[in-house]
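Residue numbers (the UniProt record's numbering): 1 to 288.
Following: one structure in structure tokens, then a few remarks.
Set out below in structure tokens:
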């Protein structure tokens, strides 16, 4: 619920000063809330404590929470880090404020993501990834690449046919798509600014009869139109760069569910893996 929704649902009478504050905040929302409480209060000739009390009446736990919401609204409307840098840096936060703001945003992202995630889509995604003879491909470019790498690493311990899809290497993305058919499942990641290549791969998988699970930050992402199941993770941040904490958490939940369904196979794979890792990569030759 944003500021305007909170004001509309507030059923009690506001004082004259509070009404002036409401008008000021609505006229310049969300940018106006990026200012300090002192600056906002000065515009209508009142005190910062009055601003804080009004926001508490509207259901905010603190002025910081209201500012976090405003930053989320601002950054959601701006596509590039360059555009967002000016917006989120307007109040010149200290290093400690940046630390606190990052925690507030990530807590908010986690709460909102798990409160609104499509549980049916999540369960269907787990079934697709663990279906017999499925060939699972994992795709994510640029900012989505760390998520794709993280998931591919651990899915490979649970499933026998996991194939990370990469932009660089001996095979182009088009070459990696040559043999896609009904047995293939794509787990794709894309975040604003959305990858055209990822959207194209998702569309091609669907055309070839493959199934697609998409993890993204918006149900309106271009690739979402061709995906069978979409899991949305909020990515608002107090910096010019989006936060992927909630997306990583959704991935961790997905990995846990896959591991549960593949318990015996995972145990066997980990036992084989321990022998490989100990013998060849962890201990130096001759070490006890």
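Heads up, the beta-carbon is just placed ideally off N, CA and C, and yes, glycines get one too.
Check	Outcome
Between the Cα of residue 213 and the Cα atoms of 231, 199, 179, 220, which residue gives the shortest distance?	231
Ignoring anything shorter than 4 residues, give me the alpha helix (DSSP H) runs that lie fully in the segment 143 to 221, in order along the chain.	145 to 158, 173 to 176, 196 to 207
Among residues of its own chain, excluding the 5 on either side of residue 262, which ones have a beta-carbon nearer than 7 Å to its beta-carbon?	130, 158, 159
Does the segment 247 to 256 come within contact of the segment 110 to 129, defined as at least 3 CB pairs closer than 8 Å?	yes
Take residue 237 as the anchor and find which of 27, 63, 107 has the nearest alpha-carbon.	107
So, for residue 50: in the same chain, excluding its five sequence neighbours on each side, which residues have a beta-carbon less than 8 Å away from its beta-carbon?	17, 18, 21, 41
Run through DSSP, which three-state label would residue 288 get?	Note that residue 288 scores a pLDDT of 49, beneath 50, so its modelled location is shaky; the value from the coordinates is reported in the next line. Coil.
Which residue's Cα is closest to the Cα of residue 184: 133, 66, 257?	133
For residue 109, which residues of its own chain have a beta-carbon under 7 Å away from its beta-carbon, when the five flanking residues on both sides are left out?	234, 235, 236, 243, 245, 246
Thinking C-alpha only, which one of 269, 45, 257, 63 is nearest residue 33?	63
Please name the residue or residues paired with residue 140 in a DSSP beta bridge.	189
Within 8 Å, do at least three Cβ pairs link the segment 192 to 202 to the segment 220 to 231?	yes
Applying the 10 Å Cβ sphere with the 16-neighbour rule, what's the burial state of residue 139?	buried
Compare the Cα-Cα distances from residue 188 to each of 178, 205, 175 and report the closest residue.	205
Out of 194, 209, 207, 208, which has the shortest C-alpha to C-alpha gap to residue 218?	194
Should residue 170 be labelled buried (16 or more other beta-carbon atoms within 10 Å of its own) or exposed?	exposed
Should residue 94 be labelled buried (16 or more other beta-carbon atoms within 10 Å of its own) or exposed?	exposed
Note down the Cα distance separating residue 10 from residue 56, rounded to an integer number of angstroms.	11 Å
Should residue 3 and residue 69 be called a contact, given that it needs their Cβ atoms to be closer than 8 Å?	yes
What did DSSP end up calling residue 229 once you bin it into helix, strand or coil?	strand
May I ask you to report which of helix, strand or coil DSSP gives residue 135?	strand
Suppose contacts are defined by Cβ-Cβ distances below 8 Å. Is residue 155 in contact with residue 162 by that definition?	yes
Looking at residue 211: is its Cβ nearer than 8 Å to the Cβ of residue 128?	yes
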